[in-house]
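Structure first, then comments.
In my numbering, the protein residues as written are -1 to 499.
Structure (structure tokens):
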């Protein structure tokens, strides 16, 4: 249900309405008979214990949700503070927003950071833990980093030189992105008695020198953070994905008591949901193997379930979910014998309904989309059992992160953005495209919506593997019949050569 537009007007209309008011009217205390976009409340300043003013703005951000922007200022001591809080409920899933900053225009993108959001900038080796909520831009976020980290640098230089050098490297990268106006007017007359005008920092978008590319990632388990996209959600520099919260996330959000024991997987249906099941067919027993998390090293169980896919074969679904650090991994293995022939599946995707088809891509399967010149070799992404939309999302995330980090992507931003835009259009089914799965072991599967009748949009062809393919799969040296004769011949050779067993 959408919020009342009278209580939460769009942030753009609030800005336009405020600009049209006289300056004195923008800061005047409101009365009951006035309609003002900003409400003002007298509040106690926690620094000097005098009375300050808190301003509240109830607004909605397009394509996001309703928020409350709060600003406090004390005229006695000059202390000020800004914060943003969500006006809605906690979302059922967490969200990760990723923005690739390739030009200075990207620094103007709006950012909503809730008090449960963690910000990552991998290129700076910087992680900002959850703190106060903010409504700002990427440029504003970088400036806050410079201000917060630079405040204690003189003290660190004396007490901890190693920490000083590490943080100085981060600050240097940040200063390359945003202009540093502190050094300007350095020759100004310090003895001048005339008051200096308020200095407005020069916007980073006004600088001609392009910044070094970097990535902003917002990870919020409550789902109440946001990063602005440009134009539409097909923006190639912007991506969003959702995820299920772990128990640690629920404890941090106050949804689960810290001393409450973890919920055990009691029923087979719950276990199927835990390992990402949902395939039709006869349910098999679920096996649990204790192990350690490859991310944090704490004990973590791996669940394995055998599932029969109708009109295909048996598969093994393996799932690892660490409650300590949130690491998740899913993998699929074939549970049947090696096929005598390879298989090539070609699907003509025409609309979004085709994106809901189940797909099993084994480790030996290659994936290609000729319309955008996308070719994934065997082994990419490992074994996956998901939907067509899900695997295209995974391809987008993997390629965007790896290609963006490579030197070629930095040197040729235009080609990178063009490719990602094509990939986003494909995964949103904005136009028809062709999906080809080529698996020499025939262990991959694409759901037939017309089964048991043939699917008019899908063709399946079997082919004989080449010698090179068998060699790469280790099948040329594999012998499962009459191997006793080879063992007997080997013993005879040893006897003739006088070699003792």
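Beta carbons: idealized from backbone N, C-alpha and C, even for Gly.
For residue i, which residues does DSSP report across the bridge?
| i | result |
| --- | --- |
| residue 285 | 302 |
| residue 93 | 218 and 240 |
| residue 101 | In the DSSP output, where bridge partners are listed per residue, residue 101 has none listed. |
| residue 340 | 461 |
| residue 359 | 382 |
| residue 297 | 290 |
| residue 111 | 132 |
| residue 53 | 38 and 69 |
| residue 456 | 345 |
| residue 443 | 358 |
| residue 327 | 318 |
If you run the structure through DSSP and keep just helix, strand and coil, what is residue i?
| i | result |
| --- | --- |
| residue 270 | Confidence at residue 270 is low in this model, with a pLDDT of 49, below 50, so the placement of that residue should be treated as unreliable; the coordinate-derived value is given next. Three-state result, residue 270: helix. |
| residue 354 | helix |
| residue 345 | strand |
| residue 168 | helix |
| residue 213 | strand |
| residue 156 | helix |
| residue 332 | strand |
| residue 378 | coil |
| residue 468 | helix |
| residue 186 | Confidence is the limiting factor: at residue 186 the pLDDT is only 43, short of 50, which leaves the residue's position unreliable and the question unanswerable from this model. |
| residue 145 | helix |
| residue 417 | helix |
| residue 424 | helix |
| residue 88 | coil |
| residue 82 | strand |
| residue 399 | helix |
| residue 392 | helix |
| residue 448 | coil |
| residue 231 | coil |
| residue 225 | strand |
| residue 106 | helix |
| residue 370 | helix |
| residue 173 | helix |
| residue 140 | helix |
| residue 476 | coil |
| residue 43 | coil |
| residue 74 | coil |
| residue 48 | coil |
| residue 387 | helix |
| residue 161 | helix |
Confirm, please, whether the CB-CB distance from residue j to residue i is below 9 Å.
| i | j | result |
| --- | --- | --- |
| residue 436 | residue 340 | yes |
| residue 94 | residue 215 | yes |
| residue 220 | residue 326 | no |
| residue 256 | residue 107 | no |
| residue 304 | residue 333 | yes |
| residue 99 | residue 235 | yes |
| residue 440 | residue 232 | no |
| residue 315 | residue 330 | yes |
| residue 138 | residue 169 | no |
| residue 243 | residue 92 | yes |
| residue 155 | residue 162 | yes |
| residue 367 | residue 424 | yes |
| residue 292 | residue 112 | no |
| residue 134 | residue 109 | yes |
| residue 388 | residue 361 | no |
Looking at the unbroken beta strand (DSSP E) that takes in residue i, where does it start and where does it end?
| i | result |
| --- | --- |
| residue 364 | 364 to 367 |
| residue 126 | 124 to 126 |
| residue 319 | 312 to 319 |
| residue 435 | 431 to 437 |
| residue 118 | 116 to 119 |
Rounded C-beta distance between residue i and residue j? I'm assuming under 8 Å.
| i | j | result |
| --- | --- | --- |
| residue 346 | residue 455 | 5 Å |
| residue 68 | residue 47 | Not a contact, Cβ separation roughly 20 Å. |
| residue 386 | residue 426 | At roughly 12 Å, the Cβ-Cβ gap does not stay under 8 Å, so residue 386 and residue 426 are not in contact. |
| residue 212 | residue 126 | Contact doesn't hold; Cβ gap of about 14 Å is too wide. |
| residue 49 | residue 38 | Contact flag wrong, Cβ pair sits at about 12 Å. |
| residue 97 | residue 104 | 7 Å |
| residue 443 | residue 302 | Contact flag wrong, Cβ pair sits at about 19 Å. |
| residue 394 | residue 359 | Their Cβ separation, rounded to whole angstroms, is 15 Å, which puts residue 394 and residue 359 out of contact at 8 Å. |
| residue 375 | residue 382 | Actually they do not touch by this definition, with Cβ atoms about 15 Å apart. |
| residue 57 | residue 65 | 6 Å |
Using only the heavy atoms of the ligand ZN, determine whether one of them is closer than 8 Å to the beta carbon of residue i.
| i | result |
| --- | --- |
| residue 131 | Only the bare structure without any ligand can be found here, which leaves the ligand ZN out of the picture. |
Could you pull the start and end residues of the alpha helix (DSSP H) that residue i belongs to?
| i | result |
| --- | --- |
| residue 246 | 245 to 250 |
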